[in-house]
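Right, one structure below, let's go through it.
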Amino acid sequence: MSFLDKWLKNKKSDEDLSRPILSKILETMRESVIVVGKDTRILSFNRAAYNAFARKNRALEDKRLSEVIRDLSLHEAFRKALEEEKSSDIELEIPSLENRKFDVHIAPIQLDKTKGAIGIFYDITQIERLETVRQEFLSNISHELRTPLTSILAFVETLEDGAIDDEKNNQHFLAVIRKNAQRMHRLINDILELSSIESGKIILEPKKANLFALVEEVFTNLSTKARDRKIKLTNQIPKDTFIFADVVRLEQMLTNLIDNAVKFNKEAGHVTIGHSQNGSKDVISVLDTGEGIPSEHLQRIFERFYRTDRARSREIGGTGLGLAIVKHLARLHGGEVSVTSTVGKGSVFSIELPQKN
Ligand code: ADP
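Below, the structure is given as structure tokens:
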């Protein structure tokens, strides 16, 4: 029985009836709460504190705070509360707990004749991680937009400075401006697309659809691009294969994967689309005979803006968001996307979709 429980048990008067309720509230709080006595030994704690700080499920009670959490500023804050009766707020990072971060409020507390100090630990690990992701995303977007914009401005200036009358080059300058403006357009479209998927604005309308026909349609849309690079597109899906998916979104996923398979292929290479079943899942595979992806990149390939060769991807018109969009759309279907690859031989991207029961 913890100190707080014992203390509450001794309370018999009516006015103390609210105290068990308080104790229950403490137990259900997500924040960790630790109360120490004058000697900094732990008198009480709630379940969240136990889950967060009890190493190997050992007891927290009667332990010195310094045995449970080793942090100088935390101890200084508790000392201030115990000796000077002053409250303080600190930020605490615990390397031994996977660098979890807490905002901690420490205050003096009086429990009958016992003086103590209470610490309330608010876990901000996830909030901080999200903030970092957000900042990185913003800085990536700014960087990605700045490059084509700088180029557009430079060529407009060149034209203004007289190149507009240079009949040999003015069309070329305009073409460069157009190419960069198109890149910005693609980028903004992809960013908007990704953000509407992530914010849950996209509602899927899954239905039974013929996979063979869908792949044929994507092939038709990408045929010019494939022809330019002499890439052979092969649809190996049996004609009577049906899957359960939102057709527009599945087409978008396949377009992104097949477009990559063409872009990152070698000249006159092959792209083959196949279908198999894995338990109760449909698996659609996009196989290419391209350059492959070195294993150190495979883990991160589905992250936004992650590219194995940034300059090259830009050159061939990539935004670095295609695979992130595929990943999100696959997950929205309750499925997943994965990749295997051999450098010099090619890659296989697979979309796994649950079948309708
Ligand atoms: P991008 O717009 O650059 O194609 P993606 O998100 O679609 O962005 O792909 C991210 C990166 O993954 C690419 O820049 C490329 O480095 C790598 N990649 C994607 N698909 C393939 C593939 N089929 N073969 C080799 N590398 C690929």
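To convert, count from 1 in the sequence shown and add 49; that's this note's numbering. C-beta: ideal position from N, C-alpha, C; glycine also. Source: prediction; values computed, not measured.
Where residue i sits in the DSSP three-state scheme
| i | result |
| --- | --- |
| V388 | strand |
| P343 | coil |
| S72 | helix |
| R113 | strand |
| Q159 | strand |
| Y355 | coil |
| E140 | strand |
| R95 | The residue asked about is misnamed: residue 95 is Asn in this sequence, not Arg. Here N95 sits in coil by DSSP. |
| S24 | Absent from the model: residue 24. The displayed extent of the chain is 50 to 406, so no value can be given. |
| H154 | strand |
| I350 | coil |
| A360 | helix |
| R107 | coil |
| R409 | With the chain represented from 50 up to 406, any question about residue 409 goes unanswered, as that position is not in the structure. |
| T81 | The residue you asked about is not Thr; residue 81 is Ser in the sequence shown. Three-state result, S81: strand. |
| L370 | coil |
| S188 | helix |
| K164 | strand |
| R119 | coil |
| S200 | helix |
| I176 | helix |
Proximity test, residue i beta-carbon vs the ligand ADP heavy atom, cut-off 7 angstroms
| i | result |
| --- | --- |
| Y355 | yes |
| T391 | no |
| K394 | no |
| S362 | yes |
| E142 | no |
| E316 | no |
| N309 | yes |
| F186 | no |
| G341 | yes |
| F102 | no |
| T368 | yes |
| N305 | yes |
| L402 | no |
| K256 | no |
| K312 | yes |
| G371 | yes |
| T350 | Looking at the sequence provided, one finds Ile at residue 350 rather than Thr. Indeed, a heavy atom of the ligand ADP lies less than 7 angstroms from the Cβ. |
| D358 | yes |
| D172 | no |
| G337 | The sequence as given places Asp at residue 337; Gly does not occur at that position. Answer for D337: yes, Cβ within range of the ligand ADP. |
Pairwise C-alpha distance: residue j and residue i
| i | j | result |
| --- | --- | --- |
| A317 | K150 | 53 angstroms |
| A97 | I226 | 58 angstroms |
| L347 | V82 | 42 angstroms |
| N219 | L236 | 26 angstroms |
| I240 | K164 | 56 angstroms |
| D120 | E177 | 20 angstroms |
| N309 | E193 | 19 angstroms |
| T273 | V320 | 14 angstroms |
| I158 | N100 | 23 angstroms |
| I15 | R128 | Residue 15 cannot be examined here, being either before or after the span of the chain that is shown, 50 to 406. |
| L263 | F351 | 23 angstroms |
| M233 | K330 | 37 angstroms |
| L123 | S137 | 10 angstroms |
| S72 | V84 | 13 angstroms |
| N229 | S248 | 28 angstroms |
| L336 | G395 | 7 angstroms |
| L378 | T181 | 23 angstroms |
| I201 | V117 | 59 angstroms |
| K250 | A373 | 17 angstroms |
| K281 | V311 | 9 angstroms |
| L223 | L198 | 14 angstroms |
Candidates the options, of which the one nearest residue i by Cα
| i | options | result |
| --- | --- | --- |
| T391 | I322, I342, E242 and D88 | I342 |
| S93 | H124, E110 and L179 | E110 |
| E142 | A224, N238 and V153 | V153 |
| K256 | E266, N270 and I292 | I292 |
| S334 | K105, L402 and I365 | L402 |
| R359 | N189, R79 and P157 | N189 |
| T338 | I350, K279, I286 and G367 | K279 |
| K112 | E134, Y355, T89 and S387 | T89 |
| P287 | G323, L123 and K105 | G323 |
| V397 | G369, V332, R361 and L378 | V332 |
| E80 | R107, T174 and I365 | T174 |
| P144 | F102, R380 and T283 | F102 |
| S362 | Q326, F204, T389 and N314 | N314 |
Taking the runs of the beta strand (DSSP E) that are 3 residues or longer, which of them lie wholly in the region 210–267?
Complete beta strand (DSSP E) runs here, min 3: 256–259.
4-residue-minimum alpha helix (DSSP H) runs that sit fully inside the region 277–326, ordered along the chain
The region 277–326 contains these whole alpha helix (DSSP H) runs: 296–312.
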